[in-house]
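For the sequence shown, counting from 1, position 55 maps to 55 in UniProt numbering; every step adds exactly one.
Heads up, the thing below is written out as C-alpha cells.
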Amino acid sequence: MESKGILDVDDFDTTQEGNIQVSQEGFQKMCEVLLNKVKNTLNAALHNSNFNANKINKVLHVGGGSRMPMIKQLLRNMFPEAEHCIEEHPDEVVAIGAAYYAYNLPSDS
Numbered sequence: 001m002e003s004k005g006i007l008d009v010d011d012f013d014t015t016q017e018g019n020i021q022v023s024q025e026g027f028q029k030m031c032e033v034l035l036n037k038v039k040n041t042l043n044a045a046l047h048n049s050n051f052n053a054n055k056i057n058k059v060l061h062v063g064g065g066s067r068m069p070m071i072k073q074l075l076r077n078m079f080p081e082a083e084h085c086i087e088e089h090p091d092e093v094v095a096i097g098a099a100y101y102a103y104n105l106p107s108d109s
C-alpha cells in the first residue's frame, strides 16, 4: 500500500487555499530536481577539493532539508563508508553552530 499525505497549499503559496493529496511516489517525483541539485553540488564540492567520497568519514545531517528521507538516502548512497550523524532537530544545529562561531569571534573592543 502506498502512503499518501495531505499538503496545505497556502503553506507554499499564500494567495491560494486548499489541500492536495500527494502520494510518496508523486512527492519523490516533484523533488527530483532538488535531489539532482544536491547531488550535483556535493559532486562539485568533492571534485573541487580533490576529495573522494570514500575518504569522508562523517556526514552531519543538518538543516531542514535533512529531515526528508530521500535526502538522508541520497547522503547514505553518496557516502556509504561514512558515519551519518542525524540530529533530532537538524534545523537548529546550524543556528547553534553559528551562535558558537559568533561567540568565539574576536571582539573589536
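Beta carbons: idealized from backbone N, C-alpha and C, even for Gly.
Please state if the CB of residue j and the CB of residue i are separated by a distance shorter than 8 Å.
{"i": "residue 61", "j": "residue 85", "result": "yes"}
{"i": "residue 74", "j": "residue 22", "result": "no"}
{"i": "residue 57", "j": "residue 87", "result": "no"}
{"i": "residue 63", "j": "residue 94", "result": "yes"}
Excluding the 5 residues preceding and the 5 following residue i in the sequence, name in chain order all residues of the same chain whose CB lies nearer than 8 Å to its CB.
{"i": "residue 16", "result": "9 and 10"}
{"i": "residue 67", "result": "90 and 91"}
{"i": "residue 48", "result": "none"}
What are the boundary residues of the alpha helix (DSSP H) that includes residue i?
{"i": "residue 75", "result": "69 to 78"}
{"i": "residue 35", "result": "32 to 48"}
{"i": "residue 178", "result": "Outside the displayed range of the chain (1 to 109) lies residue 178, so it cannot be described from this structure."}
According to the neighbour-count rule (16 or more other Cβ atoms, all chains shown, within 10 Å of its Cβ), is residue i buried or exposed?
{"i": "residue 59", "result": "buried"}
{"i": "residue 20", "result": "exposed"}
{"i": "residue 71", "result": "buried"}
Terminal residues of the continuous beta strand (DSSP E) containing residue i?
{"i": "residue 22", "result": "19 to 23"}
{"i": "residue 6", "result": "4 to 8"}
Excluding the five sequence neighbours on either side, which residues of its own chain have a C-beta within less than 6 Å of the C-beta of residue i, listed in chain order?
{"i": "residue 4", "result": "21 and 23"}
{"i": "residue 108", "result": "none"}
Excluding five sequence neighbours on each side, which residues of the same chain lie with their C-beta closer than 7 Å to the C-beta of residue i?
{"i": "residue 35", "result": "70 and 74"}
{"i": "residue 42", "result": "78"}
request  = Decide yes or no for the touch test of the stretch 42 to 54 against the stretch 71 to 86: beta carbon pairs closer than 8 Å, at least 3 of them.
outcome  = yes
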